[in-house]
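As structure tokens, the structure follows; a few thoughts come after it.
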Amino acid sequence: MTEGFPLRGKWNSDFFCNHQPIVTELGCGKGEYTIGLAETMPVKNYIGIDIKGARMWRGLKTAHEAGFRHVAFIRSHIELIEYFFGPCEIDEIWITFPDPQPKASKARKRLTSPLFLERYRHVLKEEHIIHLKTDDKGLFEYTMEVIATGNHQLLYHTTDLYQAGLKDAAAEIQTYYEKIWLEQGKPISYLRFRL
Ligand SMILES: C[S@@+](CC[C@H](N)C(=O)[O-])C[C@H]1O[C@@H](n2cnc3c(N)ncnc32)[C@H](O)[C@@H]1O
-17 MTEGFPLRGK WNSDFFCNHQ PIVTELGCGK GEYTIGLAET MPVKNYIGID IKGARMWRGL
43 KTAHEAGFRH VAFIRSHIEL IEYFFGPCEI DEIWITFPDP QPKASKARKR LTSPLFLERY
103 RHVLKEEHII HLKTDDKGLF EYTMEVIATG NHQLLYHTTD LYQAGLKDAA AEIQTYYEKI
163 WLEQGKPISY LRFRL
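Sequential numbering of the sequence shown, starting at -17, is according to this note's numbering.
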């Protein structure tokens, strides 16, 4: 099932032409994390993934204009992540304001469902980190439950990021949707964990 995508397992050797760790932003929209992290931490490579090309175009244009050689975008379904990346190819995943899929019948579509976590496991290095930022309390609580029942390692969590005093990328970069929720006075939840 994993044959066909020519860069699978070869992103560093054939595309980035370096040995830097690879970070991917899932459901990247306009790619604020992909670009923001690429600007502040050029010692890593960044790949944004989204199905909506019109949104992603914004990030792509910025990366192109800045001459970033350590940034890429993939327009596709995240469900196919194992087609794009080989085993142990990814160091870090950012899941930024994913659609919460509140209906129980759509739980499998949540990007932090056990089904998706299994897909991520196949491409992540052992010492990886998965970050989730969301305005949705239901999705946050659901993810906490998935982490606990799956015996995953919760590294940090807060239900009010901007009151938590965190001074890293989680608080320093804001996405398009995040700005909308902040203007509406919604607190932002953030957690990071390891499988
Ligand atoms: C609410 S938007 C958030 C966009 C951006 N991260 C932000 O915070 O502004 C969710 C994004 O996830 C993308 N998305 C949702 N499910 C996806 C999937 N299964 N595969 C690829 N993209 C997906 C949508 O196209 C959309 O751009």
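Note that the Cβ used here is the ideal one computed from N, Cα and C, for glycine as well.
- How about Phe79: is its Cβ closer than 8 angstroms to a heavy atom in ligand 1? At least one heavy atom of ligand 1 falls within 8 angstroms of the beta-carbon of Phe79.
- Query: Does the beta-carbon of Ala45 have 16 or more other beta-carbons within 10 angstroms, so that it is buried, or is it exposed?
  - Reply: Label assigned to Ala45: buried.
- Task: Please name the residue, chosen from Ile4, Leu121 and Lys119, that lies closest to Val25 on a Cα-to-Cα basis.
- Result: Comparing alpha-carbon positions, the option among Ile4, Leu121 and Lys119 lying closest to Val25 turns out to be Ile4.
- Between Lys161 and Gly13, what straight-line distance do the alpha-carbon atoms span, to the nearest angstrom? Between the alpha carbons of Lys161 and Gly13 lies a gap of roughly 14 angstroms.
- Count the other C-beta atoms from every protein chain shown that fall within 10 angstroms of the C-beta of Gly18, then say buried if there are 16 or more, exposed otherwise. Residue environment analysis places Gly18 among the buried positions, since at least 16 neighbouring C-beta atoms fall within 10 angstroms of its C-beta.
- C-beta contact flag for Arg176 and Leu137 at 9 angstroms: Contact check for Arg176 against Leu137 passes: the beta carbons are separated by less than 9 angstroms.
- Message: Considering Cα atoms alone, identify which of Arg(-10), Lys(-8), Gly30 and Asn0 is closest to Ile6.
- Response: The sequence given here has Thr at residue 6, not Ile. Measuring from the Cα of Thr6, the nearest candidate turns out to be Gly30.
- Task: Give the DSSP-derived three-state secondary structure of Glu71 in the structure shown.
- Result: Three-state result, Glu71: coil.
- Check whether the segment 103 to 114 touches the segment 140 to 147, counting contact only when three or more Cβ pairs, one atom from each stretch, lie closer than 8 angstroms. Counting C-beta pairs closer than 8 angstroms gives fewer than three between the segment 103 to 114 and the segment 140 to 147, which falls short of the contact rule.
- Message: Does the structure place the segment -15 to -4 close enough to the segment 32 to 51 that three or more beta carbon pairs sit under 8 angstroms?
- Response: Fewer than three beta-carbon pairs drawn from the segment 32 to 51 and the segment -15 to -4 are found closer than 8 angstroms, and the two stretches are therefore not classed as touching.
- Message: If you measure between the beta carbons of Phe52 and Tyr15, is that distance less than 9 angstroms?
- Response: Reading off the sequence shown, one finds His at residue 52, where the question assumed Phe. Cβ distance not < 9 angstroms, so His52 and Tyr15 don't count as in contact.
- Query: Which of helix, strand or coil does DSSP assign to Asp32?
  - Reply: Collapsing the DSSP output to three states places Asp32 in a strand.
- Item | Assumed close pair Thr94, Thr125 - CB separation to whole angstroms, cut-off 8 angstroms | Yes, they are in contact, since the Cβ atoms of Thr94 and Thr125 sit about 4 angstroms apart, within 8 angstroms.
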